[in-house]
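Chemist: Residue numbers (the numbering used here): 43 to 258. C-beta atoms are modelled at their ideal positions from N, C-alpha and C, and glycine is treated no differently. Computed from a predicted model, the values in this text were never measured in an experiment. Before I ask anything, here is the structure I am working with.
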């Protein structure tokens with residue numbers, strides 16, 4: 043195991059070392075750079091990338107062990123939890139996470155467009171296949187954690203887009219359409235008040251980014 047720790051204030055590094063991991067502690071210099079650095083430190087022919095707030099379920103762990111190696115990379119289905127409950131609109135997100143070390147690279151994919159180094163995705167230079175099971179993502183233990191990350195991410199993305207008042211107006215007009223799409227097509231309506239809340243703020247996200255860009 044390789045653990046890249048960005049100067050965390052808890053015992054993450056120590057616990058990882060106690061369990062035999064090779065731990066590298068370094069300052070945080072952006073999400074994309076962090077992943078690129080981590081990949082440069084991998085010595086094995088295959089890489090499995092997991093964040094600190096992610097956990098493979100039993101079916102995915104078994105699928106990883108039994109992967110035949112005939113593909114260059116393997117896509118997993120990730121489900122994100124909010125306040126300890128999985129949300130339908132955040133279920134079965136396909137992500138490349140198991141790949142040949144020399145056949146993948148990472149790219150930024152900001153949700154609102156622009157040049158922000160955020161919402162990074164691994165890309166495989168070759169054939170991919172799907173693995174059974176679920177990668178469980180416990181990113182938001184409570185509403186406060188969601189609001190904090192929402193504020194931070196929209197601010198980062200705002201610095202990567204062109205400031206434009208027309209863009210703000212356009213994004214505001216699209217908010218209702220995005221909201222209805224998330225409620226009906228992505229299943230947020232069935233998740234109750236928590237799903238409605240996340241659907242609303244997700245629909246508002248590009249507009250918030252555009253608004254922050256003209257205020258910065």
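Using the beta-carbon count (16 or more within 10 Å), is residue 82 buried or exposed?
Modeler: As a position in the chain shown, residue 82 is number 40, starting the count at 1. Under this definition residue 82 is an exposed residue.
Chemist: For the structure I just gave you, are there three or more beta carbon pairs, one from the stretch 186-202 and one from the stretch 85-101, closer than 8 Å?
Modeler: no
Chemist: Sorted by chain position, which residues of the same chain lie with C-beta nearer than 6 Å to residue 138's C-beta, five sequence neighbours on each side aside?
Modeler: For the purposes of this step, residue 138 is taken as the residue at position 96 of the chain shown. Excluding the 5 residues flanking it on each side, residue 138 has same chain C-beta neighbours closer than 6 Å at 115, 117, 164 and 166, in chain order.
Chemist: Taking residue 76 as the reference, which of 149, 195 and 173 has the closest Cα?
Modeler: For the purposes of this step, residue 76 is identified with residue 34 of the chain shown, where counting begins at 1. When each option's Cα is compared against that of residue 76, the closest is 149.
Chemist: Looking at the unbroken beta strand (DSSP E) that takes in residue 223, where does it start and where does it end?
Modeler: Within the chain shown, the letter at position 181 stands for residue 223. It is not in any beta strand (DSSP E) - residue 223 instead sits in the alpha helix (DSSP H) that spans 207-226.
Chemist: Determine the direct distance from the alpha carbon of residue 184 to that of residue 206, and round the result to whole angstroms.
Modeler: By 1-based counting over the chain shown, the position of residue 206 is 164. By 1-based counting over the chain shown, the position of residue 184 is 142. The straight-line gap from Cα to Cα measures roughly 33 Å.
Chemist: Quick check on the DSSP output: what are the complete beta strand (DSSP E) runs of length 3 or more inside the stretch 82-133, in order along the chain?
Modeler: You should have 88-90, 96-98 and 115-124.
Chemist: Quick one: what's got a C-beta closer than 8 Å to residue 24's C-beta in the same chain, skipping five residues either side?
Modeler: As shown, the chain starts at 43 and ends at 258. That puts residue 24 outside it, with no answer to give.
Chemist: Would residue 120 be called buried (16 or more neighbouring beta carbons within 10 Å of its own) or exposed?
Modeler: Locating residue 120 in the chain shown gives position 78, where the first residue counts as 1. With 16 or more Cβ atoms within 10 Å of its Cβ, residue 120 is classed as buried.
Chemist: Do residue 106 and residue 173 count as a contact pair if the criterion is CB distance below 8 Å?
Modeler: Reading the chain shown from its first residue, position 131 is the one you call residue 173. Reading the chain shown from its first residue, position 64 is the one you call residue 106. Taking 8 Å as the Cβ cut-off, residue 173 and residue 106 qualify as a contacting pair.
Chemist: Determine the closest residue to residue 61 out of 252, 161 and 44, with distance taken between C-alpha atoms.
Modeler: Taking the first residue of the chain shown as 1, we reach residue 61 at position 19. The candidate whose alpha carbon is nearest that of residue 61 is 44.
Chemist: Could you give the C-beta distance for residue 48 and residue 68, rounded to a whole number, given that I count them as a contact under 8 Å?
Modeler: On the chain shown, residue 48 is found 6 positions in, with the first residue counted as 1. On the chain shown, residue 68 is found 26 positions in, with the first residue counted as 1. Confirmed, Cβ separation roughly 7 Å.
Chemist: Taking the alpha carbon of residue 178 as the point to measure from, which residue in 135, 244 and 65 has its own alpha carbon closest?
Modeler: Taking the first residue of the chain shown as 1, we reach residue 178 at position 136. Checked all of 135, 244 and 65; the closest Cα to residue 178 is 135.
Chemist: Let me confirm a value: residue 143 is counted as buried when at least 16 other C-beta atoms fall within 10 Å, else exposed. Which label applies?
Modeler: Here residue 143 corresponds to residue number 101 of the chain shown, with the count starting at 1. That one is exposed.
Chemist: Closest to residue 123 by C-alpha separation, out of 189, 55, 180 and 252, would be which residue?
Modeler: Counting from 1 along the chain shown, the entry for residue 123 is found at position 81. Taking residue 123 as reference, the option from 189, 55, 180 and 252 with the minimal CA-CA separation is 180.
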